[in-house]
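Read through the structure below, which is laid out as C-alpha cells, and then see the notes.
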Amino acid sequence: MSTESFFIVIEGIDGAGKTSIAQRLRNVLEQTHGDEVLLTQEPHADCLVGAEIRAALAGDQTMSPQSLALAFALNRNDHLERIIEPFLQPAGRIVICDRYVLSSLVYQARGTISMEAVCRLNSWARPPNLTIVLTVSPMKAYERMRLRERKRDLFENNLPARAEKYRAAVTLLRGEGQQIVEVEADGEYTQVFAAVLDALNQHKPSWIRLQPPLLL
C-alpha cells in the first residue's frame, strides 16, 4: 500500500476540549513521525482576514452573517493554499487541524444562511481523511468554560443549540462520504484522549505509527 499524507480534524462545541486534545495528539504523533507532523487551527490568524475574523468573534468588529461566512471561507482557502496543502505534498506527512469546515456549518449557518449554503460555499475545500468530533454535554462544556480567564467569543453561548447543529452537520458531511468519528468527551481528560487514540488507531492508514504515551 502506497504511503500518502493524512489530514485529521478535531471538532466539537466550545468547552469540548478540542485544543488540548489536538495539542496532545500532535505530541504523541511527533514521537514516531517527528517534524512530519503539523498542528494548525481555524480561523488562522496569519491567513487572509484572520485578524478581522478574530475581531468579529471578540465583539470588537461587526460583520453580517453573510460577510462572516465569506470571511471564513476566504481564510480557509488561504490557509489551505499556503499552509496545509504545501505541508501535505510530500508523502508521509500528517496535519492536525483544530476546527475546519464542520465548524463553519455549525457557526456560519444562521439567519437566512442555510447549512447547505455554507457547505456549497466551502465545496472546494480539501476533505479531511478523518474528523474526530468530541461530543460533550452543554453542562460540562459550560463548566469548563467558566474556568477560562478570558471573555467569551461571539458564539460561545447557547451550547445546547450548537450541539444540535453539530449533529445535523455531521449527518450532512457523512452523507457526502466523509469519515467522521464521534468521541464522548464528558469524562476525564485521560479517558477522552485514550478514546481519541483508539479512534485514530481504527481509521489511520498502516504507515502511521502510533506509540501511546505511558502517561497521558
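Per the working numbering, the sequence shown starts with residue 2, numbered consecutively.
The beta-carbon is built from N, C-alpha and C at its ideal position, and this holds for glycine as well.
Fair warning: this is a prediction, and the values are worked out from it, not measured in the lab.
CB of residue i within 8 angstroms of CB of residue j, strictly
| i | j | result |
| --- | --- | --- |
| A170 | M116 | yes |
| A126 | R83 | no |
| V107 | K166 | yes |
| V137 | D187 | yes |
| A23 | I85 | no |
| I54 | A72 | yes |
| A118 | P139 | no |
| T113 | I181 | no |
| P66 | Q109 | yes |
| L30 | V38 | yes |
Run of the alpha helix (DSSP H) containing residue i, from where it starts to where it stops
| i | result |
| --- | --- |
| I11 | Premise fails: I11 lies in the beta strand (DSSP E), F7 to E12, not in any alpha helix (DSSP H). |
| T33 | K19 to H34 |
| T172 | L160 to G176 |
| T191 | Y190 to H204 |
| L131 | Counting along the chain, L131 falls outside any alpha helix (DSSP H), though it belongs to the beta strand (DSSP E) covering L131 to T136. |
| V119 | M116 to L122 |
| L58 | G51 to L58 |
| R147 | From DSSP, R147 is part of no alpha helix (DSSP H); its letter is neither H nor E. |
Residue from the options with nearest C-alpha to residue i
| i | options | result |
| --- | --- | --- |
| K205 | Y143, N130, G178 and G188 | N130 |
| T33 | E5, E82, I95 and V137 | I95 |
| E43 | E5, R100 and M146 | R100 |
| R25 | F7, T41 and M146 | T41 |
| F88 | F7, L211 and L160 | F7 |
| L81 | L160, T4, A92 and P128 | P128 |
| A46 | D79, G16 and D15 | D79 |
| Y190 | R111, R145 and C120 | R145 |
| R121 | L49, L174 and F194 | L174 |
| V102 | E5, E183 and Q179 | Q179 |
Rounded C-alpha distance that separates residue i from residue j
| i | j | result |
| --- | --- | --- |
| N28 | S68 | 36 angstroms |
| L155 | S207 | Note that L155 scores 46 on pLDDT, short of 50, meaning its location in the model is unreliable; the coordinates nonetheless yield the value given after this. Spanning the two alpha carbons is a distance of roughly 41 angstroms. |
| E12 | V134 | 5 angstroms |
| N123 | G51 | 17 angstroms |
| Y143 | L201 | 27 angstroms |
| S21 | S104 | 17 angstroms |
| Q203 | L211 | 11 angstroms |
| Q62 | E185 | 35 angstroms |
| R153 | A59 | Interpretation of R153 is limited by its pLDDT of 49, a score under 50 that renders its predicted location unreliable; the figure taken from the coordinates is listed afterwards. The straight-line gap from Cα to Cα measures roughly 7 angstroms. |
| A196 | A17 | 14 angstroms |
| A92 | V10 | 18 angstroms |
| I14 | F194 | 16 angstroms |
| T4 | R111 | 40 angstroms |
| G35 | K141 | 34 angstroms |
| I57 | T172 | Checking the sequence, you will find Ala at residue 57 rather than Ile. When rounded, the distance between both Cα atoms is 28 angstroms. |
| N159 | E177 | 28 angstroms |
| Q90 | E183 | 28 angstroms |
Limits of the beta strand (DSSP E) - the one that residue i falls within
| i | result |
| --- | --- |
| L40 | V38 to Q42 |
| V184 | I181 to E185 |
| I97 | I95 to D99 |
Every unbroken alpha helix (DSSP H) within the region 60-115, with a cutoff of 4 residues, ordered by chain
66-80, 86-89 and 102-108
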